[in-house]
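**Q**
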Amino acid sequence: MYIFRIHGKEYKVRFTYRQLCEGDILDKVTDAMSEAENTPRAVLETITRTAAELLLAGLQKYHEKEFGYKSDETKKERIEQLIDWFDDYEDEATEDHPQTAATLFSDLQEELRKNGFLSALFQAATENQTTATQEQTAETMTAEQPTVATESES
């Protein structure tokens, strides 16, 4: 279980089957990991929003009274609240323990990887995404290589 600390409080983060199956958060996590070729702003927005949504999913098990939601509108409000907290989270960082939305995203991904059957599922999704990205990169590089004439073709 991951512990999220902010504003002098500790929040237990546990990814439940219900939360992970209800939405598309696993797809968003996988997509966020493949955003490297986008602009820095797009990467920042994707990582920040995905970290907030992933954190919200993990907070449902033990902190539903404070972070629960019944509608998409309430869910959006909770995500915005968590994004607003990221500035405070970063301010509470120390030299020995840096904290940003990106480090939180990384910590939450690690928690997902440790979570039972999800570890195999998450690994498979990551491998599929990595393979697709590598294939796309190889195709792009092959298409961009100039052709060199040999002496026999001259």
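Residues in the sequence shown are numbered consecutively from 917, following our numbering.
Glycine included, each C-beta is placed from N, C-alpha and C at the ideal position.
In this text the structure is predicted, and so the values were computed from the model without any measurement.
1) So, is Q1025 buried or exposed, given that buried needs 16 or more other C-beta atoms within 10 angstroms?
2) Note down the Cα distance separating K925 from E961, rounded to an integer number of angstroms.
3) Which of the three DSSP states, helix, strand or coil, is assigned to E1008?
4) Where does R957 land, buried or exposed, given buried means 16+ other C-beta within 10 angstroms?
5) Going by CA-CA distance only, name the one from R934, T932, D1007, T964 that's closest to V945.
6) Kindly identify the DSSP beta-bridge partner or partners of V929.
7) Going straight from the alpha carbon of K992 to that of E980, what length do you get?
8) Secondary structure at T962, three-state DSSP: helix, strand or coil?
9) Compute the Euclidean distance between the alpha carbons of S987 and R934, then round it to the nearest angstrom.
10) Measure the C-alpha to C-alpha separation of Q1039 and D943 and round it to an integer number of angstroms.
11) Which value, in whole angstroms, describes the spacing of the CA atoms of R921 and G984?
12) Tell me, to the nearest whole angstrom, how far the beta carbon of R930 is from that of K977; I am working on the premise that it is less than 8 Å.
13) Out of E982, T966, E1027, S950, which one is the CA nearest neighbour of G939?
14) From the DSSP output, in three-state form, read off H979 for me.
15) Within 8 Å (strictly less), CB to CB, does L998 reach chain D?
16) How far does the alpha helix (DSSP H) with K944 in it extend, from its first residue to its last?
**A** Quick look at the numbers:
1) Along the sequence shown, read from residue 1 onward, the residue named residue 1025 stands at position 109. Buried: at least 16 other Cβ atoms inside 10 Å.
2) In the sequence shown, residue 925 corresponds to position 9, counting from 1. In the sequence shown, residue 961 corresponds to position 45, counting from 1. Roughly 26 Å between the two C-alpha positions.
3) In the sequence shown, the residue the question calls residue 1008 occupies position 92. DSSP places E1008 in coil when its eight states are reduced to three.
4) Looking up residue 957 in the sequence shown gives position 41. By the neighbour-count rule (16 or more Cβ atoms within 10 Å), R957 is not buried but exposed.
5) As a working note, residue 945 is residue 29 in the sequence shown. Ranking the options by Cα distance to V945, first place goes to T964.
6) Against the sequence shown, residue 929 aligns to sequence position 13. V929 has Y918 as its beta-bridge partners, per DSSP.
7) Against the sequence shown, residue 992 aligns to sequence position 76. Against the sequence shown, residue 980 aligns to sequence position 64. Roughly 15 Å separates the two Cα atoms.
8) Numbered from 1 along the sequence shown, position 46 holds the residue referred to as residue 962. Here DSSP, grouped into helix, strand and coil, assigns T962 to helix.
9) Walking along the sequence shown from the start, residue 987 turns up at place 71. Walking along the sequence shown from the start, residue 934 turns up at place 18. Rounded to the nearest angstrom, the two C-alpha atoms are 16 Å apart.
10) Counting from one through the sequence shown, the residue named residue 1039 turns up at place 123. Counting from one through the sequence shown, the residue named residue 943 turns up at place 27. Rounded to whole angstroms, Q1039 to D943 spans 12 Å at the Cα level.
11) Within the sequence shown, the letter at position 5 stands for residue 921. Within the sequence shown, the letter at position 68 stands for residue 984. Distance between the alpha carbons of R921 and G984: 18 Å.
12) Walking along the sequence shown from the start, residue 930 turns up at place 14. Walking along the sequence shown from the start, residue 977 turns up at place 61. Confirmed, about 4 Å.
13) For the purposes of this step, residue 939 is taken as residue 23 along the sequence shown, with counting starting at 1. Closest option to G939, Cα to Cα, is T966.
14) Within the sequence shown, the letter at position 63 stands for residue 979. H979 falls in the helix class under three-state DSSP.
15) Checking the listed chains, one finds no chain D in this structure; it contains a single protein chain.
16) Residue mapping note: residue 944 aligns to position 28 of the sequence shown, counting from 1. Element bounds for K944: 941 to 949.
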